[in-house]
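J.:
Numbering (this note's numbering), first residue to last: 596 to 854.
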């Protein structure tokens, strides 16, 4: 990593700010009860749902970030890149609700996700899991500062659990992407389909999941989870051109394509 990064104190202050904003977003979320909310769809054939909660949480986060950091860029799932007046090295990446279909169905498997990139490098991440989950609370991390659930350190370790017994997250279409033989060679036998990449990445960071495999994830699905897993001692890898390479940063093309 050859890029000149911000001072540690700057990164730490951003982590504190992300944690504060996520707690505020949680209060917005409480105004919307699963099963009593309207749902619309961005995709064809009633796919890719969006709720009023998604929109209001994103509006809240955008407003707060723009007031505190007017020159920073913002990428969010429900709208486009903002604040392009200057070429800021800082980019906030927001997913107001990753796992909207679960939320709308009353299934407590979703996450509010906020990450910060510095010239494409994830430097801060925060994620909130639902209040009905035993994992409820803010998970947060900053580059070089460790990963935490609230104020308790977390580690991406299965402890004494045998690797073959570890649980791994996979996408719904995993059978088309990975053969059972490929998964078995990696010691992966127990698999789960949760419907939220951000939720799965949080479980990896805290050691509940051995791994999480996904394809087609957008930058807002993974930006916060990458730094959380990395700071918890885990690894994040990309499969490109037939081989695995360790993730280092998002390039300009990736960020631009997710405007």
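All C-beta atoms in this analysis are idealised placements derived from N, C-alpha and C, irrespective of residue type, glycine included.
Can you tell me which of the three DSSP states residue 827 falls into?
T.: If DSSP states are grouped into helix, strand and coil, residue 827 belongs with coil.
J.: What is the residue span of the beta strand (DSSP E) that residue 702 lies within?
T.: Element bounds for residue 702: n/a, residue is neither H nor E.
J.: Check this for me: beta carbons of residue 715 and residue 736, under 9 Å apart or not?
T.: No, Cβ-Cβ distance for residue 715 and residue 736 is not below 9 Å.
J.: Cα-Cα, which of 844, 823, 826 is closest to residue 833?
T.: Out of 844, 823, 826, 844 has the C-alpha closest to the C-alpha of residue 833.
J.: Put residue 662 into one of helix, strand or coil per three-state DSSP.
T.: DSSP places residue 662 in helix when its eight states are reduced to three.
J.: Who are the Cβ neighbours of residue 649 in its own chain at under 7 Å, not counting the five residues just before and after it?
T.: Here the set comprises 673, 691, 692, 695.
J.: Is the beta carbon of residue 796 less than 9 Å from the beta carbon of residue 828?
T.: No, these two residues do not count as a Cβ contact at 9 Å.
J.: Going by C-alpha distance, which of 710, 817, 705 is nearest residue 611?
T.: Answer by Cα proximity: 710.
J.: What residue from 745, 702, 807, 664 has the CA that sits closest to residue 618's CA?
T.: Cα-wise, what sits closest to residue 618 is 745.
J.: With 16 other CB atoms within 10 Å as the buried threshold, where does residue 647 fall?
T.: Label assigned to residue 647: exposed.
J.: Assign residue 680 to buried or exposed, taking buried as 16 or more other Cβ atoms, counted over all protein chains shown, within 10 Å of its Cβ.
T.: Any answer about residue 680 is weak, because its pLDDT of 48 lies below 50 and its placement is not dependable; what the coordinates show is given next. Exposed, since its Cβ has fewer than 16 Cβ neighbours within 10 Å.
J.: Which value, in whole angstroms, describes the spacing of the CA atoms of residue 599 and residue 663?
T.: Cα to Cα, residue 599 sits roughly 23 Å from residue 663.
J.: Could you pull the DSSP bridge partners for residue 743 from this structure?
T.: Beta-bridge pairing links residue 743 to 735, 748.
J.: Does the Cβ-Cβ distance between residue 818 and residue 708 come in under 9 Å?
T.: Yes.
J.: Between residue 702 and the rest of its own chain, which residues show a CB-CB distance below 7 Å, the 5 nearest in sequence each way excluded?
T.: Cβ within range, chain order: n/a, list empty.
J.: Quick one, which of 670, 733, 601, 604 has its alpha-carbon nearest residue 622's?
T.: Closest option to residue 622, Cα to Cα, is 733.
J.: Helix, strand or coil: which one does DSSP assign to residue 800?
T.: Looking at residue 800 - three-state DSSP - the assignment turns out to be helix.
J.: Pull up the DSSP beta-bridge partners for residue 838, would you.
T.: Beta-bridge pairing links residue 838 to 835.
J.: Could you work out which residue in 685, 712, 739, 706 is closest to residue 730 when comparing CA atoms only?
T.: The shortest C-alpha separation from residue 730 is found at 706.
J.: Can you give the Cα-Cα distance for residue 757 and residue 816, rounded to whole angstroms?
T.: With a pLDDT of only 47 at residue 757, under 50, the local geometry of the prediction cannot be trusted, and no value is derived from it.
J.: Compute the Euclidean distance between the alpha carbons of residue 605 and residue 740, then round it to the nearest angstrom.
T.: If I take the Cα positions, the gap works out to 12 Å.
J.: Count the other CB atoms within 10 Å of the CB of residue 602; is the residue buried (16 or more) or exposed (fewer)?
T.: Its Cβ having fewer than 16 others within 10 Å, residue 602 is exposed.
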